[in-house]
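Asker: Here's a structure for you.
2 protein chains.
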Amino acid sequence: MMRSTLIRALRWAAARLDGPAASTQVPTSIAEIVPCHARVSERGGPRLNLLLPSINSRHYFGGIHTAVVLYREMLERFPRSRIILTDAAPEADALLGFPDHRMVSLEDDDPVPRQIVAFNDRYARTLPVSADDLWLSTAWWTAYAAQQLSAWQQAAYGTCGKSCYLIQDFEPGFYPWSSQSYVALGTYRPEHDIAVFNTSQLSDYFDHCGIGFRDRFVFEPTLNDGLRRALSSLSEAPSARRRQILVYGRPSTPRNAFELICESLRIWAATMPDAAEWEVVSAGELREDVDLGGVRIRALGKLHIDAYGELLSTSAVGLSLMVSPHPSYPPLEMAAFGMGVVTNPFHNKDMGGVFPGLKSATEMSPVGIAAALVAECQAALARNLRPYSIADAAHAFVNGEGIAAVAPGLATAMLGR
Amino acid sequence: MMRSTLIRALRWAAARLDGPAASTQVPTSIAEIVPCHARVSERGGPRLNLLLPSINSRHYFGGIHTAVVLYREMLERFPRSRIILTDAAPEADALLGFPDHRMVSLEDDDPVPRQIVAFNDRYARTLPVSADDLWLSTAWWTAYAAQQLSAWQQAAYGTCGKSCYLIQDFEPGFYPWSSQSYVALGTYRPEHDIAVFNTSQLSDYFDHCGIGFRDRFVFEPTLNDGLRRALSSLSEAPSARRRQILVYGRPSTPRNAFELICESLRIWAATMPDAAEWEVVSAGELREDVDLGGVRIRALGKLHIDAYGELLSTSAVGLSLMVSPHPSYPPLEMAAFGMGVVTNPFHNKDMGGVFPGLKSATEMSPVGIAAALVAECQAALARNLRPYSIADAAHAFVNGEGIAAVAPGLATAMLGR
């Protein structure tokens with residue numbers, strides 16, 4: 001009580017000092033769309049420009065990695081290329097991941113064929129751009145930047161380089177309907193850009209929204225190498241699993257619906273016979289156990305890929321939600337390892353049947369998700385906790401080519417030949 | 418500089434004190450869906466139940482008022498009715514607005530034919546419900562409550578009362594994709610409920626989303642009485658308007674896109690010839706002038722309806738955005754008074770041509786909106802600042818029946834006769 005009083009007092013003091021200025025400062029800018037200005041570059045010939053927010057380790061997650069993989073797959077066709085960082089200058093250890101690239105200054109029009117340039121601090125500065133620069137972007141504000149640069153090309157040279165947009169989710173959905181969601185939506189130019197969609201379900205969703213890209217490539221997600229090794233070492237005669245529910249719990253990412261997972265688990269605990277005999281665990285972001293009253297999520301912390309593979313190989317049931325048309329990787333990983341997995345549908349997305357154990361809860365409510373989870377736990381018990389058939393090595397998620405399959409065609413399309 | 422250092426130090430101290438507790442408390446609940454429990458009521462006969470978050474003046478905005486109007490229009494057909502408040506108990510002055518209703522206790526099964534009951538504090542408490550209770554809800558969590566109560570009816574009596582959902586926006590869009598947006602989406606049950614849509618554009622949007630309500634009523638927005646009076650007193654031979662842009666600026670409501678308005682006005686000021694000869698004003702929420710650098714939004718404060726009508730009668734141009742399939746009232750009001758108005762399209766929504774002066778910016782970006790605004794200002798100058806034809810008294814927005822038109826049919830549908 002005293003502590004909370006003190007906290008309030010400190011906050012009040014901070015607000016009073018900060019207050020008068022803050023109260024007049026309603027937000028009047030969209031932070032992501034700081035203008036990009038260009039200047040003439042005399043260095044001709046096609047150059048692939050990859051626009052990324054950052055390559056620093058604290059920003060380097062799946063989406064950025066996938067864009068880098070696509071870029072690298074295309075380099076063979078592009079003797080000249082440039083990585084443009086829109087949000088953060090690269091740190092020294094981040095550059096170690098690009099030994100074939102050299103960091104160049106924004107002020108120079110450097111001839112080095114593989115370069116990285118920081119364009120985050122760009123007020124009153126320009127990027128050298130030739131008529132032959134081509135654009136590959138991913139997060140919506142990197143696409144916004146690429147579209148400004150290609151509009152500048154059109155104005156300066158009367159022509160602009162092809163622009164490719166690697167679309168890994170419907171990003172306006174990351175915001176409430178707002179300035180940001182609206183400008184993000186405006187970056188989808190189905191008549192202008194080449195789209196590369198991460199999953200056909202996402203591509204279909206864009207069609208449903210009336211955003212049908214004329215030129216598009218689509219690839220499907222694949223299991224990462226570490227998990228593929230773990231999967232191949234799984235016994236041919238699978239042993240019984242633990243009475244354990246593995247939860248994909250990311251409180252920091254709204255579309256993974258952590259609150260909805262918790263509401264569903266409470267109902268599951270109240271309706272599942274012998275619920276107390278099950279353990280509920282979560283790996284990754286969750287740092288401390290979460291007591292839901294009647295059921296507890298045990299936090300396993302961040303696991304090495306081998307330990308995560310072991311968890312997928314020993315748990316009976318999984319729960320992983322994704323409020324998006326993208327399926328997300330965790331429910332596919334869990335199901336590839338033979339777990340019974342409850343996930344959610346979303347508009348055109350329905351993952352039921354993609355793997356034998358992958359189930360899509362039909363009712364969009366805590367009660368509906370809890371019912372699907374009870375059914376999956378009971379099905380696991382009825383199978384004596386044996387996994388679903390994991391003789392699915394031929395499945396595209398396990399053995400597909402993924403993004404590598406689309407790179408050659410995309411390079412050809414961008415080069416216009 | 419010293420002040421900001423001190424502010425940071427105070428905040429840091431507050432966070433250190435608050436930190437350990439806060440870090441363990443990841444959110445595990447969806448606050449809007451506190452369970453609703455019912456008990457048997459012996460009082461039979463159809464009763465119309467209106468579920469509202471609150472009737473208190475600080476919550477009583479357009480959406481709630483519209484629901485109350487619909488409810489009142491239907492009372493003639495329902496000798497018994499009840500207003501159920503899900504979020505806040507009514508304050509004394511709020512009850513003055515319902516002199517024909519009596520506040521009753523949740524614990525009683527009161528026979529009074531018109532009643533208001535507070536159901537906000539409902540832990541371990543129940544609402545008396547008979548087999549004949551019928552449901553009318555509006556905000557998504559009031560629909561969630563009604564759906565729980567009608568499911569209880571089904572379980573207790575083997576039948577449930579018809580349920581009507583007054584849909585005034587696509588509410589999942591008020592959140593990023595998340596637990597809340599997903600559960601809100603789940604409240605749309607196109608096979609179960611009767612929908613009443615506020616505008617055909619919103620109804621069409623639901624169809625586009627694959628949520629096609631089988632049973633539905635649709636009404637169109639209408640000018641409120643105060644503005645209708647102001648409009649009828651406008652001169653037949655309209656006088657020239659002021660070089661003034663009226664902005665609908667609501668920084669607190671993300672879908673009104675205040676940041677995007679500001680970004681657009683900056684570009685407008687840089688590209689509009691003699692921009693400095695124009696005034697930019699905003700009535701309502703904005704309490705202090707906003708200096709955008711190059712252009713200033715003058716805050717007029719909250720205006721009486723007559724003063725607002727005067728503003729609509731003297732301004733040449735309006736700018737009003739709504740990131741939603743709902744058109745929103747302000748751009749229609751501005752256009753009904755002959756102003757040239759820039760608004761935005763959204764999926765199936767395109768307001769261009771609804772009134773002569775109503776224009777839909779084609780490009781979804783600050784540059785696109787600024788270009789539309791420049792064009793509208795130049796068109797106003799070309800007309801010597803005369804308004805667009807305001808001989809539109811026959812327009813449905815000006816003289817339509819609005820929600821009153823659907824009430825009789827809805828009452829019949831709910832009564833099933």
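Here the protein sequences come in this chain order: U and D.
Following my numbering, the numbering of the first sequence begins with 1 at its first residue and continues without gaps.
Following my numbering, the numbering of the second sequence begins with 418 at its first residue and continues without gaps.
C-beta atoms are modelled at their ideal positions from N, C-alpha and C, and glycine is treated no differently.
Measuring CB to CB, does U:N198 end up less than 8 angstroms from U:T66?
Answerer: Here the question's residue 198 of chain U lines up with position 198 in the first sequence. Here the question's residue 66 of chain U lines up with position 66 in the first sequence. Contact flag set, yes.
Asker: By the three-class DSSP mapping on this structure, what secondary structure does D:I472 have?
Answerer: For the purposes of this step, residue 472 of chain D is taken as residue 55 along the second sequence, with counting starting at 1. Coil at D:I472, not helix or strand.
Asker: What span of residues does the alpha helix (DSSP H) with U:M334 cover, start to end?
Answerer: Here residue 334 of chain U refers to the residue found at position 334 when the first sequence is read from its first residue. That run of the alpha helix (DSSP H) goes Y329 to A336.
Asker: Counting only Cβ-Cβ distances shorter than 7 angstroms, please list the residues of the region 132-166 of chain U near chain D, keeping chain order.
Answerer: From the region 132-166 of chain U, no residue has a Cβ closer than 7 angstroms to chain D.
Asker: Any beta carbon from chain U within less than 8 angstroms of D:P825's own beta carbon?
Answerer: Along the second sequence, read from residue 1 onward, the residue named residue 825 of chain D stands at position 408. Not closer than 8 angstroms to any Cβ of chain U, the Cβ of D:P825 fails to qualify, so no.
Asker: Quick check: is the beta carbon of U:M103 nearer than 8 angstroms to any beta carbon in chain D?
Answerer: Reading the first sequence from its first residue, position 103 is the one you call residue 103 of chain U. For U:M103, the answer is no, since every Cβ of chain D falls outside 8 angstroms of its Cβ.
Asker: Are three or more beta carbon pairs between the region 296-306 of chain U and the region 165-184 of chain U nearer than 8 angstroms?
Answerer: no
Asker: Look at the alpha carbon of U:A335 and the alpha carbon of U:D121, and state the distance between them as a whole number of angstroms.
Answerer: If you number the first sequence from 1, residue 335 of chain U lands on position 335. If you number the first sequence from 1, residue 121 of chain U lands on position 121. Using only the alpha carbons, I get a separation of about 44 angstroms.
Asker: Determine which residues share a DSSP beta bridge with U:I83 and list them.
Answerer: If you number the first sequence from 1, residue 83 of chain U lands on position 83. U:I83 is bridged to U:L50 and U:I116.
Asker: Which chain D residues sit within Cβ distance under 8 angstroms of U:H347?
Answerer: Residue numbering aside, residue 347 of chain U sits at position 347 when the first sequence is read from its first letter. The answer, in chain order, is C626 and G627.
Asker: Hey, U:F98 and U:L106: beta-carbon distance below 8 angstroms or not?
Answerer: Reading the first sequence from its first residue, position 98 is the one you call residue 98 of chain U. Reading the first sequence from its first residue, position 106 is the one you call residue 106 of chain U. Their beta carbons are not under 8 angstroms apart, which means U:F98 does not touch U:L106 by this criterion.
Asker: Going by DSSP, name the residue or residues bridged to D:A484.
Answerer: In the second sequence, the residue the question calls residue 484 of chain D occupies position 67. Answer is none; D:A484 lacks a bridge partner.
Asker: Whether or not the region 642-649 of chain D and the region 672-689 of chain D are in contact is what I'm after, with contact meaning three or more pairs of Cβ atoms, one per stretch, closer than 8 angstroms; do they touch?
Answerer: no
Asker: Whose C-beta lies closer than 7 angstroms to the C-beta of D:I678 among residues of the same chain, with five residues either side of it excluded?
Answerer: Position 261 of the second sequence, counted from the start, is the residue given in the question as residue 678 of chain D. V664, G666, L736 and L738, listed in sequence order.
Asker: Check the C-beta distance from U:A283 over to U:L311 and give it rounded, since I have them as a contact under 8 angstroms.
Answerer: Your numbering for residue 283 of chain U matches position 283 in the first sequence. Your numbering for residue 311 of chain U matches position 311 in the first sequence. U:A283 to U:L311, Cβ: 6 angstroms. Contact.
Asker: Which residues does DSSP pair with U:D291 in a beta bridge?
Answerer: Along the first sequence, one-based indexing puts residue 291 of chain U at 291. Bridge partners of U:D291 according to DSSP: U:R296.
Asker: Do we get a CB-CB distance below 8 angstroms when we pair U:T28 with the residues of chain D?
Answerer: Counted from its first residue, the first sequence places residue 28 of chain U at position 28. It does; some Cβ of chain D falls within 8 angstroms.
Asker: What are the partner residues of D:V600, as DSSP defines its beta bridges?
Answerer: Start at 1 with the first residue of the second sequence, and residue 600 of chain D comes out as number 183. Paired residue(s): none; D:V600 is not in a bridge.
Asker: Return the chain-ordered ranges of every beta strand (DSSP E) run that is complete within the region 118-156 of chain U and spans a minimum of 3 residues.
Answerer: 127-129 and 133-137
Asker: Can you pull the chain U neighbours of D:S595, defined as C-beta to C-beta under 7 angstroms?
Answerer: For the purposes of this step, residue 595 of chain D is taken as residue 178 along the second sequence, with counting starting at 1. P254, R255, A257 and V323, listed in chain order.
Asker: With 16 as the cutoff for other CB atoms within 10 Å, does U:K162 come out buried or exposed?
Answerer: In the first sequence, residue 162 of chain U corresponds to position 162, counting from 1. When all chains shown are included, U:K162 counts as buried.
Asker: Would you verify that the beta carbon of D:E780 is, or is not, closer than 8 angstroms to some beta carbon of chain U?
Answerer: Here residue 780 of chain D corresponds to residue number 363 of the second sequence, with the count starting at 1. So, interface residue.
Asker: Skipping 5 residues on each side, what residues in its chain have a beta carbon closer than 8 angstroms to that of U:S389?
Answerer: Position 389 of the first sequence, counting from 1, holds the residue named residue 389 of chain U. Excluding sequence neighbours, U:S389 sits near G338 and P356.
Asker: Can you pull the chain U residues whose beta carbon is under 7 angstroms from the beta carbon of D:E680, in chain order?
Answerer: On the second sequence, position 263 is the one that residue 680 of chain D refers to. Under the 7 angstroms cutoff, chain U gives S29 and I30.
Asker: Which ranges does the beta strand (DSSP E) cover as unbroken runs of at least 3 residues, wholly within the region 346-413 of chain U, from first to last along the chain?
Answerer: 358-360
Asker: Is it buried or exposed for D:V546, if we count other Cβ within 10 angstroms and need 16 for buried?
Answerer: Translated into the one-based positions of the second sequence, residue 546 of chain D becomes position 129. So D:V546 ends up on the buried side.
Asker: Could you give the first and the last residue of the continuous beta strand (DSSP E) run that contains D:A455?
Answerer: Position 38 of the second sequence, counting from 1, holds the residue named residue 455 of chain D. A455 to V457 is the extent of the beta strand (DSSP E) around D:A455.
Asker: Just by C-beta distance, which residues in the region 700-712 of chain D are closer than 7 angstroms to chain U?
Answerer: Within the region 700-712 of chain D, the residues whose Cβ lies closer than 7 angstroms to some Cβ of chain U are E705, V707 and L709, listed in chain order.
Asker: Which one or two residues does DSSP pair with U:R242 in a beta bridge?
Answerer: Position 242 of the first sequence holds residue 242 of chain U. Note: U:R242 sits in a beta bridge opposite U:S315.
Asker: Measuring CB atoms only, is the region 182-196 of chain U touching the region 775-790 of chain D, in the sense that at least three cross pairs come out at less than 8 angstroms?
Answerer: yes
Asker: From the DSSP output, in three-state form, read off D:C838 for me.
Answerer: Absent from the structure is residue 838 of chain D, since the part of chain D shown begins at 418 and ends at 834.
Asker: To the nearest angstrom, how far is the alpha carbon of D:N761 from that of U:W141?
Answerer: Walking along the second sequence from the start, residue 761 of chain D turns up at place 344. Walking along the first sequence from the start, residue 141 of chain U turns up at place 141. So the two alpha carbons sit approximately 20 angstroms from each other.
Asker: I'd like the span of the beta strand (DSSP E) that includes U:R214, first residue to last.
Answerer: Counting from one through the first sequence, the residue named residue 214 of chain U turns up at place 214. Looking at the DSSP string, U:R214 is not in any beta strand (DSSP E), and its letter there is neither H nor E.
Asker: Run through DSSP, which three-state label would D:S595 get?
Answerer: The residue you call residue 595 of chain D lines up with position 178 of the second sequence. Residue state, collapsed to three classes: coil.
Asker: Can you tell me whether DSSP reads D:I722 as helix, strand or coil?
Answerer: As a working mapping, residue 722 of chain D is identified with position 305 in the second sequence. Helix at D:I722.
Asker: Counting only beta-carbon atoms, is D:V600 nearer than 8 angstroms to chain U?
Answerer: Residue 600 of chain D sits at position 183 when you count from the first residue of the second sequence. Judged by the 8 angstroms Cβ criterion, D:V600 is in contact with chain U.
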